[in-house]
Amino acid sequence: MTYLLKSRSEPTQLLPASSEEQQRKINEVRELLGDLPTEMPNFLSDATIRRFLRARNWSTTKATKSLKETTSWRRHYKPEKIRWESIADSENEAKRAYIPDYLDKNGRMVFVTLPAIKTKTSEKDHLKYLVYNLETLLMYSEDAEEECIVWISDFQGWAISSTPFSLTRQSLHIIQQYYPGLIAVAILTNPPIIFESFWKV
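Going by UniProt numbering, the letters in the sequence shown line up with residues 1 to 201, in that order.
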């Protein structure tokens, strides 16, 4: 059985009708962020602010709050400093999550996860590998005008011992809170019924 989960917009505002209106909101968020754009100029680009605005249905208040939380996380976690050399020995993790060398029929990048393969690393290293992949996806989709990543997760053979619930929740939290507006659609194949609680997060 396969489930298709699309990204959900918050039903608070309509999308701006013009690029001028979008830019006005981007500028407004920049003002609300204060000195943060100066501290993280590479991350807080117009494209990033637009992505957060889009994910928060163009609410400048919600986008600003989310960006402040994300910049605080990035300041401490430093995801941009993760290099392949530091995770290259995680061969098992590379089988559990990877970016294939093909696009979907709409030209979108694909991210594949196989949760049934039991993780052999610590939660810290697992999340580090996840963030590395998310940063890679982000780098190649920075200028996208809409969500552009297709996430395929095959749960065939999954057991509770494969991926602890705490790790699943942490992974979802990182994706939803710090990389909003990136995932266009999630395709879950053979998901266990017990996972229904996560779909409502």
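In this text, a Cβ means the ideal position worked out from N, Cα and C, and glycines have one as well.
{"query": "Got a sec, what are the start and stop residues for the alpha helix (DSSP H) S86 sits in?", "result": "84 to 87"}
{"query": "To the nearest angstrom, how far is the alpha carbon of S171 from that of E28?", "result": "31 Å"}
{"query": "Assuming P191 and F52 form a contact by the criterion Cβ under 8 Å, report the distance between their Cβ atoms to the nearest whole angstrom.", "result": "Contact doesn't hold; Cβ gap of about 28 Å is too wide."}
{"query": "Using the three-state DSSP reduction, which class does D101 fall into: helix, strand or coil?", "result": "coil"}
{"query": "Skipping 5 residues on each side, what residues in its chain have a beta carbon closer than 7 Å to that of R108?", "result": "C148, I149, V150, A184"}
{"query": "State buried or exposed for P133, treating a residue as buried only when at least 16 other CB atoms are found within 10 Å of its CB.", "result": "Reading off the sequence shown, one finds Asn at residue 133, where the question assumed Pro. Looking at its Cβ environment, which holds 16 or more other Cβ atoms inside 10 Å, N133 is buried."}
{"query": "For the segment 97 to 176, which segments carrying the alpha helix (DSSP H) assignment without a break, of at least 4 residues, lie completely within its bounds, in sequence order?", "result": "123 to 140"}
{"query": "Confirm, please, whether the CB-CB distance from S162 to I99 is below 9 Å.", "result": "no"}
{"query": "What are the boundary residues of the beta strand (DSSP E) that L188 is part of?", "result": "183 to 189"}
{"query": "Output the boundary residues of the alpha helix (DSSP H) element that contains N42.", "result": "Element bounds for N42: n/a, residue is neither H nor E."}
{"query": "Which value, in whole angstroms, describes the spacing of the CA atoms of S86 and K105?", "result": "33 Å"}
{"query": "Please list, in chain order, all residues of the same chain as T113 whose beta carbon is under 6 Å from its beta carbon, the five residues on each side excluded.", "result": "A97, S153"}
{"query": "CB E80 to CB F43, shorter than 9 Å?", "result": "yes"}
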